[in-house]
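Residues in the sequence shown are numbered consecutively from 1, following the numbering used here. Below is one structure; the comments refer to it alone.
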Amino acid sequence: DYIDVVEDKDGNGLMIFNQLVYLADIRALEIKNNQYKDPQTLLLYLSGNGFSLNSINPTSSNPYDAFLQAFNQERNFEMRLRMLFNVLQNDPSIGNWIKQDSSFPMDFKKIAFNIGPIRCGELGYNERKIRQMMEMEDNLAAISSHLMKALEPDKTYSKDEIKRILQDAYEDLGMTSTAKAIHINTYLQGVSEVNYTDTNGKRLKGYKFKL
Numbered sequence: 001d002y003i004d005v006v007e008d009k010d011g012n013g014l015m016i017f018n019q020l021v022y023l024a025d026i027r028a029l030e031i032k033n034n035q036y037k038d039p040q041t042l043l044l045y046l047s048g049n050g051f052s053l054n055s056i057n058p059t060s061s062n063p064y065d066a067f068l069q070a071f072n073q074e075r076n077f078e079m080r081l082r083m084l085f086n087v088l089q090n091d092p093s094i095g096n097w098i099k100q101d102s103s104f105p106m107d108f109k110k111i112a113f114n115i116g117p118i119r120c121g122e123l124g125y126n127e128r129k130i131r132q133m134m135e136m137e138d139n140l141a142a143i144s145s146h147l148m149k150a151l152e153p154d155k156t157y158s159k160d161e162i163k164r165i166l167q168d169a170y171e172d173l174g175m176t177s178t179a180k181a182i183h184i185n186t187y188l189q190g191v192s193e194v195n196y197t198d199t200n201g202k203r204l205k206g207y208k209f210k211l
């Protein structure tokens, strides 16, 4: 199965060992072995590939199944999030199940693995604030690029100017978040808050950044 025929420079056929086909078969066997290593992994694989599992009842002794049942029954956003963080702290292996489960809510996946419990706690588990942070992180690269084009290094900008430039970027990207000047720290490095005097001689605080 791994013999291939190639022509040399004189047009003669030579038999060679096709290592790429061999390695592909080995990888396929490794994937198959992983998919069949236990019933729960097989169920996740089937679910992730579009198969209906309504007639299949996984064992209730599986901690992921027990968590999933409780998580799906809870409707309150904060309670679901706290439940998720608690189970990840007490049983980190469930994190692998969640990552593999294509049916698990993607927004909660992002919150769990991209934002985390510390920042959610700082936001008071407020759903609107957390979803705004998630939206900002999803568009991080695009907004950073927008700011690099709109701002000049070492130039001082008022907080109102920064807020306006950020809001323009948010609207261009179809974001629902409301811009704040302090958000600039999320998108650019080397940002510092500075004091400056406006044209009326009033002392204000603004921002500038260095490349």
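We put the beta carbon where it would ideally sit given N, CA and C, even for glycine.
Near the ligand ADP: residue i beta-carbon under 7 Å from a heavy atom
i      : result
Thr186 : The model depicted lacks the ligand ADP and carries no ligand whatsoever.
Pick from the options that is closest to residue i, judged by C-alpha positions
i      : options                           : result
Gly206 : Asp160, Gly174, Leu188 and Tyr170 : Asp160
Asp91  : Asp65, Lys110 and Met79           : Asp65
Ser192 : Gly201, Lys208 and Ala28          : Lys208
Arg128 : Thr186, Asn72 and Glu78           : Glu78
Leu173 : Arg203, Ala141 and Gly116         : Ala141
Leu211 : Lys155, Gly116 and Gly124         : Lys155
Asn76  : Asp4, Val194 and Asn126           : Asn126
Buried versus exposed call for residue i [16 or more other C-beta atoms within 10 Å across all chains shown]
i      : result
Met148 : exposed
Val6   : exposed
Met133 : buried
Asn139 : buried
Leu68  : buried
Ile56  : Bear in mind that a pLDDT of 44 at Ile56, under 50, signals an unreliable position, so the number given afterwards is only what the model happens to contain. Answer is exposed; the Cβ neighbour count stays below 16.
Leu219 : No answer is possible for residue 219: it lies beyond the span of the chain, which begins at 1 and ends at 211.
Ile98  : buried
Ser93  : exposed
Met106 : exposed
Met15  : exposed
Leu29  : exposed
Leu20  : exposed
Beta-carbon separation (whole angstroms), residue i vs residue j, contact threshold 8 Å
i      : j      : result
Tyr2   : Asn18  : 5 Å
Ile184 : Ile162 : 5 Å
Same chain only: Cβ atoms within 8 Å of residue i, ignoring 5 sequence neighbours per side
i      : result
Glu74  : Arg80 and Met83
Tyr120 : With the sequence shown as reference, residue 120 is identified as Cys, and Tyr is not the correct amino acid for it. Contacts found: Leu81, Phe85, Ile111 and Ile130.
Asn114 : Met134 and Glu137
Ser181 : The residue asked about is misnamed: residue 181 is Ala in this sequence, not Ser. So the qualifying residues of the chain are Lys159, Asp160, Ile162, Lys163, Leu166 and Tyr207.
Own chain, CB closer than 6 Å to residue i, minus 5 neighbours either side, in chain order
i      : result
Leu88  : Gly95
Ala214 : Any answer about residue 214 is impossible in this case: the structure gives the chain only from 1 up to 211.
Tyr157 : Gly206 and Tyr207
Spatial neighbours of residue i in its chain, beta-carbon cut-off 7 Å, leaving aside the 5 residues before and after
i      : result
Leu188 : Ser144, Leu147 and Phe209
4 or more residues per run - each alpha helix (DSSP H) lying fully within the region 173-199: Every alpha helix (DSSP H) of 4 residues or more that sits fully in the region 173-199 is shown, in chain order, as 184-187.
Scan the region 112-155 and note each continuous alpha helix (DSSP H) run of 4 residues or more that stays entirely inside, going in chain order. With a minimum length of 4 residues, the continuous alpha helix (DSSP H) runs that stay inside the region 112-155 are 116-122, 127-138 and 140-150.
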